[in-house]
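Take a look at the structure below.
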Amino acid sequence: LVGKRHLARGNERVRPLHPLAVVAGEDRSIWQEACKFIADPEHVRAEWNEQFITKELENEKWKKFFDTFEPDPAIEPDPATGKARPLTDEQRRAVITDEDNTLVVAAAGSGKTTVVTAKVAYLLEAGLANPEEVLALCFTKEAANELRDRVRDRVGKDVTVKTFHSLGREVIKKVDKKKPPVAKIAVDEIKMLEWVKKVVQDEAQHPAFAMEMTRWASYLTTTRTILDFPDLASYERYVREVEPRTLKGELVRSCEECEIGNFLYLNGINYEYEARHPTAPTASDREPYQPDFFLKDYDIFIEHWALDEHGRTPPFIDQAKYTKDMEWKRAQYDGEKRKLVETYSYEKRNGTLLRKLEDNLKNRGVRFQPRVGEDPLQRLRELGQIDRFSKLLCTFLGHVKSSQHSMEWLHERAASSPDVERARSFLILFERVYERYNQYLEERGEIDFHDMVNKAAEYATSGRFNSPYRFIVVDEFQDISRSLARLVLALVNQRKPEARLFCVGDDWQAIYRFAGADLSVMQSMEEIFGHTKRLFLAKTFRFNSAIAQVSSKFILKNEAQIKKQVVPASVVSEPCVFVIPAGSPSSRPLRTIFRIIAEKVKGSRCEVLVLSRYSQFKTMSTAGYLNEELNWWKEQGKSEYPNGIVRCDTRKNHRGEVVRTIHSVKGLEADFVIVVGLCHRLYGFPCEIMGDPIIDIVLAKSDPFPHAEERRLFYVALTRAKKAVFLVTDSKNPSTFVSELESEDHLVQRIDEAQCSECREGVLVPRKGPHGEFLGCSNYPACRNTKPI
Numbered sequence: 009l010v011g012k013r014h015l016a017r018g019n020e021r022v023r024p025l026h027p028l029a030v031v032a033g034e035d036r037s038i039w040q041e042a043c044k045f046i047a048d049p050e051h052v053r054a055e056w057n058e059q060f061i062t063k064e065l066e067n068e069k070w071k072k073f074f075d076t077f078e079p080d081p082a083i084e085p086d087p088a089t090g091k092a093r094p095l096t097d098e099q100r101r102a103v104i105t106d107e108d109n110t111l112v113v114a115a116a117g118s119g120k121t122t123v124v125t126a127k128v129a130y131l132l133e134a135g136l137a138n139p140e141e142v143l144a145l146c147f148t149k150e151a152a153n154e155l156r157d158r159v160r161d162r163v164g165k166d167v168t169v170k171t172f173h174s175l176g177r178e179v180i181k182k183v184d185k186k187k188p189p190v191a192k193i194a195v196d197e198i199k200m201l202e203w204v205k206k207v208v209q210d211e212a213q214h215p216a217f218a219m220e221m222t223r224w225a226s227y228l229t230t231t232r233t234i235l236d237f238p239d240l241a242s243y244e245r246y247v248r249e250v251e252p253r254t255l256k257g258e259l260v261r262s263c264e265e266c267e268i269g270n271f272l273y274l275n276g277i278n279y280e281y282e283a284r285h286p287t288a289p290t291a292s293d294r295e296p297y298q299p300d301f302f303l304k305d306y307d308i309f310i311e312h313w314a315l316d317e318h319g320r321t322p323p324f325i326d327q328a329k330y331t332k333d334m335e336w337k338r339a340q341y342d343g344e345k346r347k348l349v350e351t352y353s354y355e356k357r358n359g360t361l362l363r364k365l366e367d368n369l370k371n372r373g374v375r376f377q378p379r380v381g382e383d384p385l386q387r388l389r390e391l392g393q394i395d396r397f398s399k400l401l402c403t404f405l406g407h408v409k410s411s412q413h414s415m416e417w418l419h420e421r422a423a424s425s426p427d428v429e430r431a432r433s434f435l436i437l438f439e440r441v442y443e444r445y446n447q448y449l450e451e452r453g454e455i456d457f458h459d460m461v462n463k464a465a466e467y468a469t470s471g472r473f474n475s476p477y478r479f480i481v482v483d484e485f486q487d488i489s490r491s492l493a494r495l496v497l498a499l500v501n502q503r504k505p506e507a508r509l510f511c512v513g514d515d516w517q518a519i520y521r522f523a524g525a526d527l528s529v530m531q532s533m534e535e536i537f538g539h540t541k542r543l544f545l546a547k548t549f550r551f552n553s554a555i556a557q558v559s560s561k562f563i564l565k566n567e568a569q570i571k572k573q574v575v576p577a578s579v580v581s582e583p584c585v586f587v588i589p590a591g592s593p594s595s596r597p598l599r600t601i602f603r604i605i606a607e608k609v610k611g612s613r614c615e616v617l618v619l620s621r622y623s624q625f626k627t628m629s630t631a632g633y634l635n636e637e638l639n640w641w642k643e644q645g646k647s648e649y650p651n652g653i654v655r656c657d658t659r660k661n662h663r664g665e666v667v668r669t670i671h672s673v674k675g676l677e678a679d680f681v682i683v684v685g686l687c688h689r690l691y692g693f694p695c696e697i698m699g700d701p702i703i704d705i706v707l708a709k710s711d712p713f714p715h716a717e718e719r720r721l722f723y724v725a726l727t728r729a730k731k732a733v734f735l736v737t738d739s740k741n742p743s744t745f746v747s748e749l750e751s752e753d754h755l756v757q758r759i760d761e762a763q764c765s766e767c768r769e770g771v772l773v774p775r776k777g778p779h780g781e782f783l784g785c786s787n788y789p790a791c792r793n794t795k796p797i
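Numbered per the working numbering, the sequence shown spans residues 9 to 797.
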C-alpha cells in the first residue's frame, strides 16, 4: 500500500523530461502509466491501494487467517457451524488498509476488539512491522491486558500494549533515567479532596481570599433563571428539586432570590424575607402584600421581577395580570421611591444582578459590612458548601492540568460564561489553589497522571524521546482527550513518513465528556493528524433489525453524529423496544417484564441487565424495587430469577438495591435490557442538571444539539440488548426520550398494565395468534384468560 506521505515525497523527485520522438513497445505502456500518474497521482494511488487490498483478500494465506481468527467472546458463534465467525469483508478491509491515518467508525457490537487484535497480528505476520515497532493504546488496564494476551495467543509474540498514562510514565523514565514518583494525593480521590479542603481553610485566613470566598458564597445556588423555562410545571419542578435555601437557612421561591438573600447576609445587611408590608391596604381579592426582602435598618424594600430586557414575562405567566400586579405594588411607594429597590431576572442572566443591586443599595445609604473569617465559613460548612466547593476545585484542577490551559485563556473563556461574575470569582479562588498544588508537587519532586501525558508529549515533540513506534493503534478513539491526542501526534510526527496511525471508535457511544474526552478529535481527525482514510464497521453481531432501526433513528436526530447504516444481526418484524409505564402504588412493572421475558425464552437460558442513569438509584421508586420483585419470585416457589433467566447482571449499592449504571456497562451486552427510572425531572433521563456550569469553562465545547451526550448515553443503553429492551418510565412525568420514541417509531410498543380479571395475579399483555393480535394473561398457561385488542 502507498501512503499519501509517500506519494508527496515521490512527487518531489519528479522532474520534467524532454519530449521523446518515439516511444514504442513496453516503453510506451510504461510511459503512459507515468503520464497518468503525473496527471492525477492521488487517483492512481487510490487505484493501486484498492488493487492491493483485493489481492490480499484473495490470497489463500490471508483468507485462512481471516476465516480462522480467534473467537471474540463478545460475538456469538455462527449458529450454522457452531464455530467462531470468520471476519466480515469490512473487518478484513479495515485490517489490510494501511493509509497514513485510518479511522474505523464502528457500530455497537461490530467486533471492534477483533479488528484491533487482527490488525496487530496482521502487521506482524505480514512482515510489515517488528513487534518493537508496534504500539497499541487502550484506556484501561483490563483492555490493555486482554489485547496483549490475545495478540500473544494468536502470533506468539509480544507487542507494546499500554494505557496512555503508563506509556507517558515509560517515556519520562527513559528520558529522565528514573521512574517518576506519583503523588499519593493524585491517585487517591479522598486524600486529594482533604488536601484541597485544607488549602481552602488555610487560604481563608488571608483577608483577600476570605473576601472572595464571601463573594463566591453569594453565587452558590445560581443556575438557571425563570426565563429559561418553557412552562410553569418544569420551572416549579426545578425549584422543588433544587430547593433554594439561603445561608440563613430559609427556603425561598427562586434561585435568584436565594442569591440576593446570600448577598445581603454575607455583606452584613439584616433583612427579612417576605415580611408583610406595614402600610399596604388589604382587600378580599388580594393576598396581603409581602415584598421579597425588607431591610429593617433602612426601611428599604427589594422586589425581584420575573422580566426580560424588554419587560416581558416568561411565556407561562400572564403578562397583563403580572404587569397590573407590579404596578399596584409600585404604587405603594408613591412619594417614597427611595424605599423600593427593583431587580430583574434578565440581570441574573446577563451577570449584572448583584453588581447593580450593590450600586442601588449604596446610593440609598446602605452600609456594607462583609462577614469574613470564621462566621461565613462556618455557615458554609454547616450547609455542606465547603465540601461541594472543594470537589468542584478538584474536578476543575484535573481538567486544567490535562488541558494545560493558561489562566489567561481560562479568564477569556469565563468572559463568555452564562454567569460571568460567578466564573470570575471562582477563577480568582482557583488560581491560588492551583499555585499551591503545583508548588506541592514541585517541592516533593512528584508528578500526577496529567504530568505523565503532558511531559511525555513534550519530550516526544522536542526529540528528547526517540520513538521506536512506526505503527500506532488506538482503541475507543471516541474517548480521547486533546492532551492524549497531543501525545499521539508527537509520536506520529517523529516517524513520518513511515508512521501509521490506526484508530477504532464509535462517536455514537461518546459518553465521557465529563471526564475530559473531546469528541471533536475523532470528528476532525484529518485536520489534526493529516490525510485520513475513513472506514466503517456497520455489521453488528449483537442486536436485531428492530433495535437497530429504533436506536439509529434516535441517535441520528443529532446531525453532528457521523452517519452510518447499521446492518443488524437478524431481521424481525415485531417490536423489540417496549415502554412500561409505572408510578402508581399498585404498579409492578418489573414483575410484568419478567413474565414477558419468561414467556419469550420459554425455559431457555438468557441474561438480563437492569440499568439506571444514576449510581445512587434515585429513580427506582418509580419502577418498583428489583429486590422486591426477585423476592416475590422466590415466594412463588420459583427460582431466584424468572424461569429461563439464569443471570441477572447487577451490582448492589449502599441501600441494598441492585443496579448497573449505563456508564458502567459500555461494552457489555445481555439478551434483555431493562432501563429504569426514565422520568422527566432534574435527575431524570435526560438529566436536566449537567453538573456545575463552571466546569464548561475548561471542558471541550459541548455539542449544541440539546442533550447530545445524554442522547448518546441512552443509545448505549438501547444497544446493550440482543433481543429486546424494556423502558420503565414514569406514567405522570415520562422521559422526553421515551415520549420521542413512542411518537415517532412504530417499532416501539407500549405495554400498559391491566390486571387479569380471572387469576388476579397476572397482567394482560399483547400476544400474536393465528387470527392476529390479542391480549393474553402473562400467567399463561396457568391462566388462559384473553381479551381482544
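We treat Cβ as the ideally placed atom computed from N, Cα and C, and that holds for glycine.
Bridge partners - residue i, DSSP secondary structure assignment
i	result
C146	T171
Q757	F586
R1	It is not possible to answer for residue 1, since the shown part of the chain is limited to 9 through 797.
E350	E311
I682	V618, F734
C785	L772
T254	Paired residue(s): none; T254 is not in a bridge.
Chain C contact for residue i (CB, 8 Å cutoff)
i	result
A225	Here chain C cannot be found, since the structure has a single protein chain.
Burial state of residue i (16 or more Cβ within 10 Å)
i	result
I310	buried
P322	buried
I198	exposed
E64	buried
N275	buried
A568	exposed
H688	buried
T627	Since pLDDT at T627 reaches only 47, below the 50 mark, its modelled position is unreliable, and the value read off the structure follows with that caveat. Classification for T627: buried.
S6	In the structure displayed, the chain extends from 9 to 797; residue 6 sits before or after that span and is not available.
L259	exposed
C784	In the sequence under discussion, the amino acid at residue 784 is Gly, which differs from the Cys named in the question. Buried, because 16 or more other Cβ atoms sit within 10 Å of the Cβ of G784.
Q99	buried
S710	exposed
beta-carbon residue i near the ligand FMN non-hydrogen atom, thresh 7 Å
i	result
A422	What this structure holds is no ligand at all, so the ligand FMN is not there to describe.
First through last residue of the alpha helix (DSSP H) which encompasses residue i
i	result
I277	Counting along the chain, I277 falls outside any alpha helix (DSSP H), and DSSP gives it neither H nor E.
K185	K185 -> no alpha helix (DSSP H), and no H or E assigned at all.
F73	68-75
R508	Looking at the DSSP string, R508 is not in any alpha helix (DSSP H); the run it does join, the beta strand (DSSP E), is 508-513.
L437	428-452
F217	215-225
Limits of the unbroken beta strand (DSSP E) element including residue i
i	result
F479	479-482
G406	Note, G406: premise wrong, no beta strand (DSSP E); alpha helix (DSSP H) at 393-411.
T794	794-796
F693	First-last for F693: undefined, no H or E at that position.
F301	301-303
query: Is the segment 109-117 touching the segment 538-545, taking contact as three or more C-beta pairs under 8 Å?
result: Result yes; three or more Cβ-Cβ pairs closer than 8 Å.
- prompt: Any contact of the segment 688-704 with the segment 485-503, i.e. 3+ C-beta pairs under 8 Å?
  reply: Contact fails: fewer than three Cβ-Cβ distances are below 8 Å.
message: Taking 8 Å as the cut-off, does the segment 422-438 touch the segment 138-145 (at least 3 CB pairs, one atom from each stretch)?
response: Because the criterion of three Cβ pairs below 8 Å is not met, the segment 138-145 and the segment 422-438 do not touch.
message: So, does the segment 454-464 touch the segment 177-190, judging by three or more C-beta pairs under 8 Å?
response: Contact between the segment 454-464 and the segment 177-190 is present, because at least three Cβ pairs lie under 8 Å.
- request: Say whether the segment 175-189 touches the segment 514-528, bearing in mind that this needs 3 or more beta-carbon pairs closer than 8 Å, one atom from each stretch.
  value: Result no; under three Cβ-Cβ pairs closer than 8 Å.
- request: Say whether the segment 674-685 touches the segment 726-735, bearing in mind that this needs 3 or more beta-carbon pairs closer than 8 Å, one atom from each stretch.
  value: In this structure the segment 674-685 touches the segment 726-735; the number of beta carbon pairs closer than 8 Å is three or more.
Stretch pair the segment 356-376 + the segment 335-345: three plus CB contacts closer than 8 Å: Counting C-beta pairs closer than 8 Å gives fewer than three between the segment 356-376 and the segment 335-345, which falls short of the contact rule.
- prompt: Are the segment 495-510 and the segment 468-480 touching by the rule of at least three beta carbon pairs closer than 8 Å?
  reply: Under the three-pair Cβ rule at 8 Å, the segment 495-510 counts as touching the segment 468-480.
- prompt: Using 8 Å as the Cβ pair cut-off and three pairs as the minimum, do the segment 236-246 and the segment 200-214 touch?
  reply: Between the segment 236-246 and the segment 200-214, the count of C-beta pairs closer than 8 Å stays below three; the two stretches do not touch.
task: Answer yes if the segment 713-724 comes into contact with the segment 560-576, meaning at least three C-beta pairs across the two stretches below 8 Å, and no otherwise.
output: Taking a cut-off of 8 Å on C-beta distances, the segment 560-576 touches the segment 713-724, as three or more cross pairs fall below it.
- request: Please confirm if the segment 392-403 is in contact with the segment 257-273, defined as three or more CB-CB distances below 8 Å between the two stretches.
  value: The segment 392-403 makes no contact with the segment 257-273: fewer than 3 CB pairs, one atom from each, lie closer than 8 Å.
task: Specify whether the segment 215-229 and the segment 417-425 touch according to this definition: at least 3 beta carbon pairs, one from each stretch, less than 8 Å apart.
output: Taking 8 Å as the limit for Cβ pairs, the verdict is that the segment 417-425 does not touch the segment 215-229.
query: Would you say the segment 121-138 touches the segment 150-170, given that touching needs at least three Cβ pairs under 8 Å?
result: Cβ pair count under 8 Å is three or more, so yes.
message: Could you check whether the segment 597-611 touches the segment 769-777, counting it as contact only if at least three pairs of C-beta atoms, one from each stretch, sit closer than 8 Å?
response: The segment 597-611, when compared against the segment 769-777, does touch it at the 8 Å Cβ threshold.
field: At least three beta-carbon pairs within less than 8 Å, the segment 324-340 to the segment 369-377
entry: Because the criterion of three Cβ pairs below 8 Å is not met, the segment 324-340 and the segment 369-377 do not touch.
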